[in-house]
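The sequence shown begins at 1 in full-length UniProt numbering and counts up one residue at a time.
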Amino acid sequence: MPDIRTVNVTRYAAPLREGGSLPAIVEADDGFMYVLKFRGAGQGIKSLVAEFIGGEIARLLGLKVPELVFAQLDEAFGRTEPDEEIQDLLKASRGLNIGLHYLSGSVMYDPALAHTDAFTASKIVWLDAYLANMDRTARNTNMLLWHKELWLIDHGACLYYHHNWSTFPEQAGNTFAMIKDHVLLPEATQLAEAGEFARQALSVEKIAAITDAIPGDWLGEYDGETVSSTRKKYFDFLAQRFHNSSGFLNQAINGGK
1 MPDIRTVNVT
11 RYAAPLREGG
21 SLPAIVEADD
31 GFMYVLKFRG
41 AGQGIKSLVA
51 EFIGGEIARL
61 LGLKVPELVF
71 AQLDEAFGRT
81 EPDEEIQDLL
91 KASRGLNIGL
101 HYLSGSVMYD
111 PALAHTDAFT
121 ASKIVWLDAY
131 LANMDRTARN
141 TNMLLWHKEL
151 WLIDHGACLY
161 YHHNWSTFPE
171 QAGNTFAMIK
181 DHVLLPEATQ
191 LAEAGEFARQ
201 ALSVEKIAAI
211 TDAIPGDWLG
221 EYDGETVSST
231 RKKYFDFLAQ
241 RFHNSSGFLN
251 QAINGGK
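Here you go:
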């Protein structure tokens with residue numbers, strides 16, 4: 001079971017205007033700063049589920065991801081916020097949100113200036129094909145360089161199939177054509193080795209531990225579903241996709257074709 005801490009947000013420090021989800025840098029009662037993803041943002045709670053699943057599976061693959069925490073927003077939090085848009089977002093996000101440890105001094109990964117070793121690049125491409133992550137392109141890499149190491153951030157766009165919930169289960173066997181736009185695909189020359197590594201690093205039991213750890217109230221707002229049935233759909237999707245990984249892996253090896 002992933003060991004995820006829960007913190008209480010104590011201070012809204014600054015908004016991050018990148019993207020449509022309006023994340024923010026906040027301080028929590030443990031004294032650390034986090035990039036907070038809000039349940040009340042336009043992308044909704046499903047983006048928090050994707051952030052959690054994506055980050056924890058990346059960690060199992062030995063990739064660097066900032067610590068994830070469950071971040072509680074108190075009902076009174078943000079009442080003194082002067083920006084009406086931000087105040088509305090805070091009001092809509094009362095309860096449990098998700099935070100990533102803030103990597104102070106990090107810089108966005110630029111493929112024109114940085115180089116990634118082939119095996120790491122291949123593991124990241126495998127991860128993003130597995131999770132159907134449409135958001136790791138040259139335009140928006142969602143990777144940081146911090147202390148000369150590559151860190152993965154922002155997995156909220158993973159599992160994009162779940163935004164069409166009625167067809168979500170049947171998408172598990174799909175390939176992922178958008179992998180052709182992945183920023184690291186040109187450097188991912190060890191995809192077969194990365195696929196074998198992933199088969200050893202992951203398991204149905206580990207996938208179940210991750211889906212079991214998704215907060216129940218994140219799963220209670222899906223149309224016509226109970227928390228347990230929603231949780232099972234995520235597990236079934238990820239387990240089936242893992243078993244059928246040769247399809248999306250071969251597609252990535254062939255450049256997304």
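Glycine included, C-beta positions come from ideal geometry on N, C-alpha and C.
Here the structure is a predicted model, which means the values were calculated and not measured.
Tell me residue i's beta-bridge partners as DSSP assigns them.
| i | result |
| --- | --- |
| T6 | F70 |
| K37 | I98 |
| H182 | T137 |
| residue 294 | Coverage of the chain is limited to positions 1 through 257, which leaves residue 294 absent and any answer about it impossible. |
| A14 | I25 |
Between the options, which has its C-alpha nearest residue i's C-alpha?
| i | options | result |
| --- | --- | --- |
| W218 | I45, P169, W126 and A118 | I45 |
| N142 | C158, L249 and M108 | M108 |
| R139 | L113, V183 and S229 | V183 |
| N254 | K180, V65, T211 and L60 | K180 |
| Y160 | L145, N174 and N133 | N133 |
| residue 271 | A112, A198 and E75 | Coverage of the chain is limited to positions 1 through 257, which leaves residue 271 absent and any answer about it impossible. |
| R59 | D236, K232 and I210 | I210 |
| S245 | D135, F176 and L144 | F176 |
| R231 | D212, F248, G247 and K148 | D212 |
| D74 | R136, T137, N250 and G95 | G95 |
| A112 | D88, K123 and T137 | T137 |
| L150 | K206, K123 and D223 | K123 |
| G247 | Q72, G173 and V69 | G173 |
| R5 | L68, K206 and T116 | L68 |
| T116 | D135, D83 and L152 | L152 |
| L249 | F235, D135 and E196 | E196 |
Report all residues from its chain with a CB closer than 7 Å to the CB of residue i; omit the five preceding and five following residues, and keep chain order.
| i | result |
| --- | --- |
| I25 | A13, A14, L16, M33, V35 and Y102 |
| A92 | G40 |
| G156 | S21, K37, Q43, S47, A50 and E51 |
| F77 | V9 and L90 |
| A114 | L145 |
| Q171 | Y161 |
| C158 | A50, I53, G54, L131, A132 and N133 |
| F235 | I207, A208 and T211 |
Counting C-beta neighbours from all protein chains within 10 Å, is the total for residue i 16 or more, i.e. buried, or is it exposed?
| i | result |
| --- | --- |
| N97 | buried |
| L185 | buried |
| E85 | exposed |
| H163 | exposed |
| D128 | buried |
| P215 | buried |
| D154 | buried |
| P66 | buried |
| S166 | exposed |
| A28 | buried |
| A121 | buried |
| G105 | exposed |
| K148 | exposed |
| G220 | exposed |
| G54 | buried |
| K257 | exposed |
| G99 | buried |
With a CB to CB cut of under 8 Å and the five nearest residues on each side skipped, what residues in its chain are close to residue i?
| i | result |
| --- | --- |
| V204 | A239 and F242 |
| V125 | I179, H182, L184, L185, A188, L191, A194 and A252 |
| L202 | I57, L60, L61 and F242 |
| R11 | V26 and E27 |
Whose C-beta lies closer than 6 Å to the C-beta of residue i among residues of the same chain, with five residues either side of it excluded?
| i | result |
| --- | --- |
| F119 | Q190 |
| I207 | L238 and A239 |
State yes or no: is the beta carbon of residue i nearer than 8 Å to at least one beta carbon in chain D?
| i | result |
| --- | --- |
| G42 | Although the question refers to chain D, the structure presented lacks it and comprises just one protein chain. |
(request) Enumerate, from N- to C-terminal direction, the unbroken alpha helix (DSSP H) stretches of 4 or more residues contained entirely within the segment 101-168. (result) If we require 4 residues or more, the alpha helix (DSSP H) runs fully inside the segment 101-168 come out as 118-130.
(request) Let me know the alpha helix (DSSP H) ranges lying completely inside the segment 166-253, each 4 residues or longer, listed in chain order. (result) 191-201, 204-212, 227-243 and 245-253
(request) List in chain order: all unbroken alpha helix (DSSP H) runs of 4+ residues lying wholly within the segment 37-62. (result) Complete alpha helix (DSSP H) runs here, min 4: 45-60.
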